[in-house]
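Position 27 of the sequence shown, counted from 1, bears residue number 34 in this note's numbering, the numbering being contiguous throughout. Where a beta carbon is used, it is the ideal one built from N, C-alpha and C, also for glycine. To keep things clear, I will list the structure first and then write my remarks on it.
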Amino acid sequence: TNNLTSSNGKQSNEHENSQLFARLIARTAKDIDMLIESLPNTFETESGSFDIHSGSIRQLENDNARCIVELEAVIRRGESLLEIIQNALDEIALMQLKSQNLDNV
């Protein structure tokens, strides 16, 4: 029973950690977006000012959006794999308990 309890606690912690990690990544991505949007539209140089290349910014925004979609897919896949692993560990713990019960008989 102790193995099952510690196994479930560990699995719960791992799941909570993966969710926290995903939330932190999403929050950081939003913070980066806010910082990019807050940048001025022009830079001052020795020769005067010039506009930031809007195409470059659009490309960065598109790359960021694509990365967010990919990250979300990876997180979903990770959560799915975590669930499979947790189920397998539960099954192993159950088999160990059954084996111990048979040994005690």
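Query: Determine, using beta-carbon pairs with one atom in the region 57 to 77 and one in the region 15 to 23, whether at least three such pairs fall under 8 Å.; Result: no
Query: Find out if the Cβ-Cβ distance for the pair K75, A29 is shorter than 7 Å.; Result: Checking the sequence, you will find Ile at residue 75 rather than Lys. Not in contact: I75 and A29 (Cβ atoms no closer than 7 Å).
Query: DSSP three-state call for V147: helix, strand or coil?; Result: Residue coverage of the chain in this structure runs from 8 to 112, which leaves residue 147 outside it and unanswerable.
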